[in-house]
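Chemist: Below is one structure. I have some questions about it.
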Ligand code: HEC
Ligand code: HEC
Ligand code: HEC
Ligand code: HEC
Ligand code: HEC
Ligand code: HEC
Ligand code: HEC
Ligand code: HEC
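Below is the structure:
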């Protein structure tokens, strides 16, 4: 029986395609392009060849025993050293190569501590624009053992609002007793012995007048600023910047 011409041609075309595909597959495309094993092996090689950047907190402990001891006992015990200081394997191997970064800027801590409703309840959160603005967080909180500073004590038992207000103001580091002379009796029978209150503009001037020695306090010209009014007719002394 004679095979029809068109079927033979079709067979020839299919034959060429099959030979072409097989030829390309096995001879023209290099194995490295299609082999999973080669791919995996070279990826592993590439990753292993990368320099190690993180040393791990236990490595730091060897040389920074005192800091590590403090961190492990404080509120930041679960944080990695390098979570704040950045990758420091090179430093750990050869401290002469330069110091690791230390996040002294005020912008850093709010990454974890600014108020965010999605954080777990009870996680210590603050509003960075209202919470003791201006100064870096580390002037008041040791980053390795961050306890809120306890400048204010017994008074908070009975004057909690004033204590809370002052604690987030720019007067946070002043003791209540900087401005009030408090007889011991006041804490037992408060109304029988009231503390003093500042009397005149000069009192605030001891820190705020031009030429006053308190370095951190912003200065005003006492003879013109605020006219003849008492300072606290305009500035609430427990939140002098006037927020809230
Ligand atoms: C082999 C010992 C050694 C190891 C390990 C080591 N350090 Fe240090 N580190 C030093 C020395 C030495 C200095 C320099 C002290 C100086 O110059 O005052 C230093 C300084 C620092 C400083 C100070 C930077 C500054 O601005 O003052 C930081 C932060 C620091 N190391 C973090 C780390 C961290 C994080 C690790 C762990 C990944 C680590 N170190 C591991 C020896 C070491
Ligand atoms: C919450 C962030 C944070 C963590 C966690 C942290 N540090 Fe620091 N560290 C800082 C900051 C901020 C400074 C700069 C302090 C300053 O200048 O007063 C600093 C300073 C240092 C210094 C130099 C000054 C000093 O106090 O001796 C060393 C050394 C250091 N850190 C090591 C470590 C080690 C080791 C760990 C882990 C056990 C660690 N730090 C964990 C934020 C952190
Ligand atoms: C990686 C996240 C992280 C960073 C960055 C961080 N903290 Fe913390 N902080 C924590 C955790 C976690 C706790 C412990 C919370 C707890 O015990 O429930 C904590 C606790 C605190 C507390 C204790 C609050 C209390 O309950 O009395 C203070 C204060 C604090 N941090 C200040 C800082 C300061 C200042 C910095 C910047 C140097 C900083 N934190 C950076 C995670 C962080
Ligand atoms: C002028 C000093 C001062 C500065 C600067 C300061 N704080 Fe505080 N911080 C305090 C005092 C005081 C308290 C305790 C106040 C209170 O209990 O309401 C406190 C409390 C906290 C708490 C605990 C809040 C809670 O709910 O338990 C956190 C977290 C905190 N500060 C983080 C920061 C961060 C982050 C910064 C920098 C953006 C910062 N603080 C800057 C004085 C300061
Ligand atoms: C046992 C509770 C208690 C303690 C502790 C306490 N106070 Fe008072 N304080 C009072 C009471 C009650 C008054 C009277 C309020 C009134 O009459 O409106 C008062 C009034 C005051 C006044 C206003 C005085 C005036 O002439 O209006 C000042 C200022 C004051 N206290 C400061 C302090 C300071 C600072 C401390 C901490 C050293 C402190 N108090 C501790 C309960 C207390
Ligand atoms: C910078 C100085 C200063 C500091 C610090 C200060 N006070 Fe006062 N306080 C004043 C002045 C000024 C007044 C009087 C305000 C007035 O008469 O309007 C006053 C008034 C008061 C009063 C009377 C009620 C009121 O609100 O006017 C109480 C109570 C009081 N202070 C408690 C405290 C406590 C508690 C602290 C510490 C948390 C504190 N003060 C810190 C300056 C200060
Ligand atoms: C013992 C010194 C001292 C006394 C007394 C004092 N202050 Fe201050 N005050 C400071 C310091 C320090 C700052 C700045 C803190 C900062 O910027 O972190 C400040 C900040 C201020 C600010 C600026 C707030 C801002 O951020 O713009 C005002 C306003 C102010 N005080 C008013 C007063 C008044 C009113 C009195 C008197 C009732 C007074 N102060 C008494 C030390 C003092
Ligand atoms: C009539 C109202 C008024 C009186 C009274 C007043 N102030 Fe002010 N004070 C202001 C205003 C408004 C500002 C903010 C605008 C500015 O900087 O002039 C200010 C700003 C300040 C600042 C911040 C300056 C700075 O550079 O950040 C300080 C500190 C200050 N006052 C202290 C005082 C002291 C101390 C007294 C009492 C001797 C006083 N003020 C009396 C209205 C007053």
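Numbering (my numbering), first residue to last: 417 to 660.
C-beta atoms are modelled at their ideal positions from N, C-alpha and C, and glycine is treated no differently.
Here the structure is a predicted model, which is why all the values come from computation and not from measurement.
Can the beta-carbon of residue 505 be found closer than 7 Å to that of residue 471?
Modeler: Numbered from its first residue, the chain shown carries residue 505 at position 89. Numbered from its first residue, the chain shown carries residue 471 at position 55. Yes. Within cutoff.
Chemist: Taking 6 Å as the cut-off, is the beta-carbon of residue 468 closer than that to any non-hydrogen atom of ligand 2?
Modeler: Residue 468 sits at position 52 when you count from the first residue of the chain shown. Result no, Cβ not under 6 Å from ligand 2.
Chemist: Could you round the C-beta distance between residue 607 and residue 638 to whole angstroms and report it? I think they count as a contact, below 8 Å.
Modeler: Translated into the one-based positions of the chain shown, residue 607 becomes position 191. Translated into the one-based positions of the chain shown, residue 638 becomes position 222. Wrong, their Cβ atoms sit about 34 Å apart, outside the cutoff.
Chemist: Decide if residue 559 is buried, meaning its Cβ has at least 16 other Cβ atoms within 10 Å, or exposed.
Modeler: Position 143 of the chain shown holds residue 559. Buried, since its Cβ has 16 or more Cβ neighbours within 10 Å.
Chemist: Taking only beta-carbon positions, decide if residue 539 is within less than 7 Å of chain B.
Modeler: Of the chains in the structure shown, none is chain B; there is only one protein chain.
Chemist: Roughly how many angstroms separate the alpha carbons of residue 501 and residue 461, rounded to a whole number?
Modeler: Locating residue 501 in the chain shown gives position 85, counting from the first residue. Locating residue 461 in the chain shown gives position 45, counting from the first residue. Distance between the alpha carbons of residue 501 and residue 461: 29 Å.
Chemist: Say whether the segment 571-585 touches the segment 513-530, bearing in mind that this needs 3 or more beta-carbon pairs closer than 8 Å, one atom from each stretch.
Modeler: Too few Cβ pairs lie closer than 8 Å, so no.
Chemist: Three or more C-beta pairs under 8 Å: does that hold for the segment 542-556 against the segment 580-598?
Modeler: yes
Chemist: Using only the alpha-carbon positions, how far apart do residue 423 and residue 432 sit?
Modeler: Against the chain shown, residue 423 aligns to sequence position 7. Against the chain shown, residue 432 aligns to sequence position 16. Each residue's Cα considered, the two are about 14 Å apart.
Chemist: Drop a sphere of 10 angstroms on the beta-carbon of residue 563, count the other beta-carbons inside from all chains shown, and report buried for 16 or more, exposed for fewer.
Modeler: One-based indexing of the chain shown puts residue 563 at position 147. With fewer than 16 Cβ atoms within 10 Å of its Cβ, residue 563 is classed as exposed.
Chemist: Where does residue 479 land, buried or exposed, given buried means 16+ other C-beta within 10 angstroms?
Modeler: Position 63 of the chain shown, counted from the first residue, corresponds to residue 479. Classification of residue 479: exposed, given that the 10 Å Cβ count is below 16.
Chemist: Entirely within the segment 594-643 and at least 4 residues each: give me those alpha helix (DSSP H) ranges in chain order.
Modeler: 617-624
Chemist: Per DSSP, residue 530 forms a beta bridge with which residues?
Modeler: Indexing the chain shown from 1 puts residue 530 at position 114. Beta-bridge pairing links residue 530 to 542.
Chemist: Going along the chain, which residues of its own chain have a beta-carbon closer than 6 Å to the beta-carbon of residue 620, five neighbours each way excluded?
Modeler: By 1-based counting over the chain shown, the position of residue 620 is 204. Result list for residue 620: 647, in chain order.
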